[in-house]
Amino acid sequence: MKQDETKALDREIGDYVAENTKVIWVDNHTMQIATMMIDSYGDTVYVWVEEAEDHCRVSDGGRILFKLDPNSEDEELNETAKEIAIGSGYQFDDDHFEIYVDVDRKNVAQAAMKLAQLQVAISYLG
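Residue numbers (this note's numbering): 83 to 208.
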């Protein structure tokens, strides 16, 4: 009985995530994902996926740090966010304050959801 309940709950969780996550194509190579995550401002967290020849780039588009510090004046905030991103297995573009990772197509969903969680955590720095 417990195993059946566990399987049912697994399906319900998967259905909930699927129902509350929206993916749209922005152009022929780029998807925008409105995740089910909400940041510290109460806003939906977005992730962008850009397809390339041999990988996909999963990115925040520089959005979370722009939201926290639009003029990029808070060097300590940016450095802390960079350390958190790199420590979480992501890369950081110092010029655009973008958090990203390049992954195989099969790892896009996992990278996107983890990046959304990372953006939520970083949003609380502001």
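Even for Gly, the Cβ is constructed at its ideal location relative to N, Cα and C.
Excluding the five sequence neighbours on either side, which residues of its own chain have a C-beta within less than 7 Å of the C-beta of residue i, listed in chain order?
i    : result
I204 : I146, A163 and I166
H137 : D184, V185 and D186
G143 : W130 and E180
For residue i and residue j, I'd like the C-alpha separation in whole angstroms.
i    : j    : result
Q199 : A134 : 24 Å
V127 : G169 : 20 Å
Q192 : V108 : 20 Å
Is residue i close to chain C, meaning its C-beta is less than 9 Å from at least one C-beta of that chain?
i    : result
D175 : Judged by its chain identifiers, the structure shown contains no chain C, having just a single protein chain.
Note down, in chain order, each residue of its chain lying with its Cβ closer than 6 Å to the Cβ of residue i, except the 5 sequence neighbours on either side.
i    : result
I106 : Q114
E161 : none
Residue i: buried (16+ other C-beta within 10 angstroms of its C-beta) or exposed?
i    : result
L150 : buried
L91  : exposed
Y182 : buried
Y98  : exposed
Going by alpha carbons, who is nearest to residue i out of the options?
i    : options                   : result
Y206 : D121, Y98 and T88         : D121
R139 : F148, T112, G124 and E155 : T112
E158 : T103, E94 and G208        : G208
Skipping 5 residues on each side, what residues in its chain have a beta carbon closer than 8 Å to that of residue i?
i    : result
V190 : V131, C138 and V140
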